[in-house]
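Q:
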Amino acid sequence: MNSTQKQIETINNVINSTKENLKPLSVNLIFWGVFVNALSCFHYAFPSLVQSTKYSAALYWIIPSIIGMFFMIYYNIKIRKNIGYETHLSRVIKIIWGVFGISWIYIVALSFYLKNYHPVPPILFLLSLILIMTGLIVKFKPVTLGGIFLTIFTFYLNFNPGINLLLVNIVGVSLGMLVPGLSLFFSKSISNPDG
């Protein structure tokens with residue numbers, strides 16, 4: 010085998026291993042899709058329980074979400090240690106989602122200080138942008154389309170403020186994160202990166 014063929018084979022192996030390493034991204038999307046849907050469904054079914062005091066609804070959403078963040082950070086660190094290296098692609102994805110986490114904390118904190126400021130629309134819009142960027146970077150159309158759908162859904166929400174935000178969470182996160190995450194998880198080897 011000449012050196013050119015060997016180099017091409019090495020490049021192909023690296024590309025294929027990078028595609029395989031996208032599986033943890035799918036676990037993150039599935040986790041957050043199921044997590045947010047479970048919180049939304051419970052809140053929708055038992056609003057008087059969740060909203061029993063002035064700050065109980067905020068605590069209901071914030072405390073489990075922070076626990077979920079720590080759990081997923083632990084999971085991602087463990088996966089990265091098992092892989093043994095970090096690609097530029099995985100580093101970019103990690104930074105993008107880290108920025109989302111910090112922005113989520115900022116938006117939630119802002120909602121405590123500003124009256125009549127509901128954090129759901131800006132969080133969903135930010136999430137949609139992060140999903141679009143992630144989908145474009147990893148070249149996986151279902152994730153990109155999930156982000157585009159969530160963007161459209163967020164615009165619809167801004168023009169129809171009376172819509173139930175819990176239902177928005179359920180539908181938006183299902184189609185924006187859960188379905189693309191499942192699609193990424195069950196894709197064979199992501200041999201066609203264009204979706």
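Reading the sequence shown from the start, the letters are residues 10 to 204 in this note's numbering.
Using N, Cα and C, we set each Cβ at its ideal position, and we do this for glycine too.
Tell me whether residue 16 sits in a helix, a strand or coil according to DSSP, three-state version.
A: helix
Q: Which whole-angstrom value is the C-beta distance of residue 139 and residue 106, which I expect to be below 8 Å?
A: 7 Å
Q: What is the residue span of the alpha helix (DSSP H) that residue 165 lies within?
A: Where residue 165 is concerned, the enclosing alpha helix (DSSP H) stretches over 150 to 168.
Q: Alpha carbon to alpha carbon, how far is residue 186 from residue 152?
A: Residue 186 and residue 152 have their C-alpha atoms roughly 7 Å apart.
Q: Which stretch, first to last residue, makes up the alpha helix (DSSP H) that contains residue 189?
A: 188 to 195 is the extent of the alpha helix (DSSP H) around residue 189.
Q: Only counting the same chain, and skipping five residues up and downstream in sequence, which positions put a Cβ closer than 7 Å to that of residue 163?
A: Take residue 163, set aside five residues on each side of it, and the residues of its chain with a beta-carbon closer than 7 Å to its own are 130, 133, 134 and 137, in chain order.
Q: Hey, out of 64, 147 and 53, whose CA is closest to residue 118's CA?
A: 64
Q: By the three-class DSSP mapping on this structure, what secondary structure does residue 55 have?
A: coil
Q: Kindly indicate which residue of 115, 184 and 49 has the alpha-carbon position closest to the one of residue 160.
A: 184
Q: Give the secondary structure of residue 111 by DSSP, where H, G and I count as helix, E and B as strand, and everything else as coil.
A: The three-state reading of DSSP puts residue 111 in helix, counting H, G and I together.
Q: Determine the contact status of residue 175 and residue 97, defining contact as a CB-CB distance below 9 Å.
A: Taking 9 Å as the cut-off, the Cβ atoms of residue 175 and residue 97 do not count as close.
Q: Taking all protein chains shown into account, do 16 or more other C-beta atoms lie within 10 angstroms of the C-beta of residue 201, making it buried, or fewer, making it exposed?
A: For residue 201, the predicted structure reports a pLDDT of 45, less than 50, and the residue's modelled location is therefore unreliable. A value from the coordinates is still provided. Result: exposed.
Q: Mind checking which residues open and close the alpha helix (DSSP H) that includes residue 93?
A: Where residue 93 is concerned, there is no enclosing alpha helix (DSSP H), given that its DSSP letter is neither H nor E.
Q: Which same chain residues, not among the five before or five after residue 32, have their C-beta less than 8 Å away from its C-beta?
A: 193 and 194
Q: Note down the Cα distance separating residue 20 from residue 14, rounded to an integer number of angstroms.
A: 10 Å
Q: What is the DSSP secondary structure of residue 124, reduced to helix, strand or coil?
A: coil
Q: Residue 100 to residue 171, Cα distance in whole Å?
A: Looking at the two C-alpha atoms, the distance is approximately 39 Å.
Q: I need the DSSP call for residue 244, collapsed to helix, strand or coil.
A: Any question about residue 244 goes unanswered here, given that the chain covers just 10 to 204.
Q: Can you say whether residue 55 is buried or exposed, counting buried as having 16 or more other CB atoms within 10 angstroms of its CB?
A: exposed
Q: Assuming residue 77 and residue 44 are in contact, meaning their beta carbons sit under 8 Å apart, how far apart are those beta carbons, in whole angstroms?
A: 5 Å
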